[in-house]
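K.L.:
This is the structure I want to talk about, given as structure tokens.
Residue numbers (the numbering used here): 8 to 198.
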């Protein structure tokens, strides 16, 4: 069992260790099966009004990455009505398209408690997701041979921890260097 996402709202310690826990779950609980964690949060504050208390310490790109990193029996998103107007449109579009089942999972890189990058395949489409639990920005070279020479969409964070989406080309060698901010994440998807 894992501390479910509800604990992010009710327990300060769990909220502060969200990135650490997210970098651990793929190595521990998800290696033996699914877990029921809960949703991808897009509110900046973990309350319905999206103001006041329990500020989320992770980025939107981190939250999107958990939809791929965590293997859940049912894919859940913690949305509130305001998310439809104040969340980045690319985040909502991603959530509409992310698969709920996977045929293949490949470990790309990581170290428990520091960072984790996995690739998952649904049909013919690959999704690569990573989170950084470290206190500093992390640069990682990823060997994505299954995506060599392809055009991808990347969801990532800039140096101010603002999430964005853009198109990138993976070199024919299949190796790409990505950056993840502290408490940030990355998702790469085939177009």
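C-beta atoms are modelled at their ideal positions from N, C-alpha and C, and glycine is treated no differently.
For clarity, every value in this text was computed on a predicted model and none was experimentally measured.
Between the alpha carbons of residue 169 and residue 163, how many angstroms are there, rounded?
P.N.:
One-based indexing of the chain shown puts residue 169 at position 162. One-based indexing of the chain shown puts residue 163 at position 156. Computed Cα separation, rounded: 8 Å.
K.L.:
In whole angstroms, what is the alpha-carbon distance linking residue 129 and residue 104?
P.N.:
Residue mapping note: residue 129 aligns to position 122 of the chain shown, counting from 1. Residue mapping note: residue 104 aligns to position 97 of the chain shown, counting from 1. Straight-line Cα distance between these residues: approximately 11 Å.
K.L.:
Helix, strand or coil, according to DSSP, for residue 86 in the structure here?
P.N.:
As a working mapping, residue 86 is identified with position 79 in the chain shown. In this structure, residue 86 counts as coil in the three-state DSSP scheme.
K.L.:
How many angstroms separate the CA atom of residue 34 from the CA atom of residue 60?
P.N.:
For the purposes of this step, residue 34 is taken as the residue at position 27 of the chain shown. For the purposes of this step, residue 60 is taken as the residue at position 53 of the chain shown. Each residue's alpha carbon lies about 31 Å from the other.
K.L.:
If you measure between the beta carbons of residue 107 and residue 127, is that distance less than 8 Å?
P.N.:
As a working note, residue 107 is residue 100 in the chain shown. As a working note, residue 127 is residue 120 in the chain shown. The answer is no: Cβ separation not under 8 Å.
K.L.:
Would residue 78 and residue 139 be called neighbours here (beta carbons separated by less than 8 Å)?
P.N.:
Residue 78 sits at position 71 when you count from the first residue of the chain shown. Residue 139 sits at position 132 when you count from the first residue of the chain shown. Taking 8 Å as the Cβ cut-off, residue 78 and residue 139 do not qualify as a contacting pair.
K.L.:
Residue 171 to residue 118, Cα distance in whole Å?
P.N.:
Here residue 171 refers to the residue found at position 164 when the chain shown is read from its first residue. Here residue 118 refers to the residue found at position 111 when the chain shown is read from its first residue. Approximately 25 Å, taken between the alpha carbons.
K.L.:
DSSP on residue 75, reduced to helix/strand/coil?
P.N.:
Along the chain shown, one-based indexing puts residue 75 at 68. Residue 75: helix per DSSP, three-state reduction.
K.L.:
Under a Cβ-count criterion, where at least 16 other Cβ atoms within 10 Å of its own Cβ denotes burial, should residue 124 be classed as buried or exposed?
P.N.:
Residue 124 sits at position 117 when you count from the first residue of the chain shown. Result: buried.
K.L.:
I believe residue 194 touches residue 147 by the beta-carbon criterion, under 8 Å. Please report the beta-carbon distance rounded to the nearest angstrom.
P.N.:
As a first step, residue 194 must be located in the chain shown, where it is residue number 187. As a first step, residue 147 must be located in the chain shown, where it is residue number 140. Not a contact, Cβ separation roughly 14 Å.
K.L.:
Who pairs with residue 145 in a beta bridge, going by DSSP?
P.N.:
Your numbering for residue 145 matches position 138 in the chain shown. Its beta-bridge partners are 187.
K.L.:
What span of residues does the beta strand (DSSP E) with residue 197 cover, start to end?
P.N.:
The residue you call residue 197 lines up with position 190 of the chain shown. Start and end: 192-197.
K.L.:
Please work out which residues of its chain come closer than 8 Å, Cβ to Cβ, to residue 184, disregarding the five sequence neighbours upstream and downstream, and give them in chain order.
P.N.:
Along the chain shown, one-based indexing puts residue 184 at 177. Once the five neighbours on either side are set aside, the close Cβ partners of residue 184 are 146, 147, 148, 149.
K.L.:
For residue 160 versus residue 143, is the C-beta distance shorter than 8 Å?
P.N.:
On the chain shown, position 153 is the one that residue 160 refers to. On the chain shown, position 136 is the one that residue 143 refers to. No; because the gap between Cβ atoms is not below 8 Å, this pair is not in contact.
K.L.:
Report back the beta-carbon spacing between residue 197 and residue 133 to the nearest angstrom; my notes put them in contact at under 8 Å.
P.N.:
As a working note, residue 197 is residue 190 in the chain shown. As a working note, residue 133 is residue 126 in the chain shown. Between residue 133 and residue 197 the Cβ distance is about 6 Å, and since that is below 8 Å, they are a contact.
K.L.:
Would you say residue 120 and residue 31 are within 8 Å of each other, going by their C-beta atoms?
P.N.:
Translated into the one-based positions of the chain shown, residue 120 becomes position 113. Translated into the one-based positions of the chain shown, residue 31 becomes position 24. Cβ atoms of residue 120 and residue 31: closer than 8 Å.
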